[in-house]
Ligand SMILES: [Zn+2]
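In our numbering, the protein residues as written are 184 to 645.
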């Protein structure tokens, strides 16, 4: 990484079809013209390739992504129980084995005893693909003293012994299963390689200590949500405070009154809310709560996995933004086609219909629950094809430009105006390997250089 406060000229850059020289001084774009660069400056030759504002991923989870990079991935490539067992036994490092991406369709239901049969000598926790459930082996059950936690999320057998399955306990368990400080540098580098210069962390943190970990941890600009109770006055400088995250659990649905109460906690702090809704019922509950509390600028629906025409009309009326993840269609579309209620299939992760109706839509990956590559997400929004090639809601397809725009709005206005490279703007930039017309043709460019506030955070030699 190099400091570039002395000034950088990015020459021969394709800015929406116009070849220009972009001059950056002290982290700010100071000129945009076709003239030759000042010799004293560092020169980066774009060779006619596209220069974009850096991408903003409007919903992901930094710490979980960092942990997942250090985890056993039980996702796509492990297709048999034997492959899953072998992967768990060869978990990296010493101490905890952490695994993600488990799904019962591959290994059947898991509990502590099933895990003990695979790994008994190290504490192990395995996260369900949905992100909402963990299964612990007996060693881990003992280490986190699960037996002593009285909470409906601790599943117990007929003898009142924890089965190892836990839900909704991440906040309580985080300190008990911490594996030392988490290094997020690999996350920052990974995202910079995609041209991501900003992220919104959608984790519903309640404790300021958990948020502190994110300060300065990645080179990207970071907006944090946190839950309504989070003391936002203590969020460290350098992190932007976003809307308060409220989770309408898919399995333990809250009442409308509970949602109203959570929204009011946020409102008392003058905060917008971001409500996690992945089922029809969840969205109906959330809209009922909004009807009572009233919506305000910045309020958003996270995921909006099922929004039919009637619900979409109410979303639009309330002026709510939808932050979607088209990548789930490409990553899980075959399972959706097989498992989702046929009545909902036409309304799965809508995008095109929302945009056509004038609802603002922001793009995101939900990494690590979705893959962290925004370009793959854009391609998914355009193609709407399941992994096995079947179309998923093809009427929700959008064009390549609209797909790119999902990641080009500002953090505080997903789906709002597209950020531009302009004089006086922060130099958050992403230089690609081909002209804009070719980028839009495939949405599969390589990112040659990524700059955050004038600082180069990723550079690929060409
Ligand atoms: Zn999420």
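The beta carbon of each residue, even a glycine, is placed where N, CA and C say it ideally should be. Since we're looking at a predicted model, the values are computed, not measured.
Through-space distance from residue j to residue i, alpha-carbon basis
i	j	result
residue 637	residue 611	7 angstroms
residue 651	residue 470	Since the displayed the chain opens at 184 and closes at 645, residue 651 lies outside it and no answer follows.
residue 232	residue 626	14 angstroms
residue 428	residue 385	7 angstroms
residue 184	residue 229	Summary for residue 184: the model assigns pLDDT 42, below 50, so the residue's position carries little reliability, and this model does not support an answer.
residue 330	residue 297	18 angstroms
residue 635	residue 557	17 angstroms
residue 188	residue 352	Any reading at residue 188 is ruled out, since the residue's pLDDT is 47, under 50, leaving its predicted position unreliable.
residue 281	residue 358	15 angstroms
residue 440	residue 462	19 angstroms
residue 492	residue 582	21 angstroms
residue 262	residue 570	15 angstroms
residue 501	residue 529	23 angstroms
residue 186	residue 639	Unreliable placement is indicated for residue 186, whose pLDDT of 44 sits below 50; no coordinate value is reported for it.
residue 378	residue 591	11 angstroms
residue 241	residue 505	10 angstroms
residue 457	residue 555	20 angstroms
residue 246	residue 305	22 angstroms
residue 332	residue 349	11 angstroms
residue 270	residue 433	29 angstroms
residue 234	residue 320	49 angstroms
residue 436	residue 464	9 angstroms
residue 588	residue 580	14 angstroms
residue 360	residue 279	8 angstroms
residue 380	residue 615	14 angstroms
Nearest-angstrom beta carbon gap, residue j and residue i [assumed within contact, 8 angstroms]
i	j	result
residue 545	residue 598	5 angstroms
residue 472	residue 443	5 angstroms
residue 520	residue 490	Rounded, the Cβ-Cβ distance is 18 angstroms, inconsistent with contact.
residue 575	residue 512	5 angstroms
residue 410	residue 388	6 angstroms
residue 651	residue 192	Lying before the first or after the last residue shown, residue 651 is absent from the chain, which here runs from 184 to 645.
residue 309	residue 318	5 angstroms
residue 448	residue 412	6 angstroms
residue 623	residue 585	Not a contact, Cβ separation roughly 10 angstroms.
Contact check, residue i vs residue j, beta carbons under 8 angstroms
i	j	result
residue 613	residue 237	yes
residue 207	residue 254	no
residue 346	residue 295	yes
residue 300	residue 322	no
residue 401	residue 367	yes
residue 426	residue 483	yes
residue 510	residue 438	no
residue 536	residue 578	yes
residue 455	residue 481	yes
residue 496	residue 244	no
residue 633	residue 375	yes
residue 369	residue 249	yes
Residue i Cβ short of 7 angstroms to ligand 2 heavy atom set
i	result
residue 476	As presented, the structure is devoid of ligand 2, carrying ligand 1 as its sole ligands.
field: Neighbourhood of ligand 1 [Cβ distance below 5 angstroms to any heavy atom], ordered by chain position
entry: 385 and 549
Item to complete: Could you pull out every unbroken beta strand (DSSP E) segment of at least 3 residues lying fully inside the stretch 290-362, listed in chain order?
Response: 307-311, 316-319, 337-339 and 345-350
- Item | Those runs of the alpha helix (DSSP H) which lie wholly inside the stretch 433-491 and span at least 4 residues | 439-451 and 463-476
Practice item. Would you list, in sequence order, the uninterrupted alpha helix (DSSP H) runs of no fewer than 4 residues that lie entirely inside the stretch 505-549? Key: 510-522, 525-528 and 535-539
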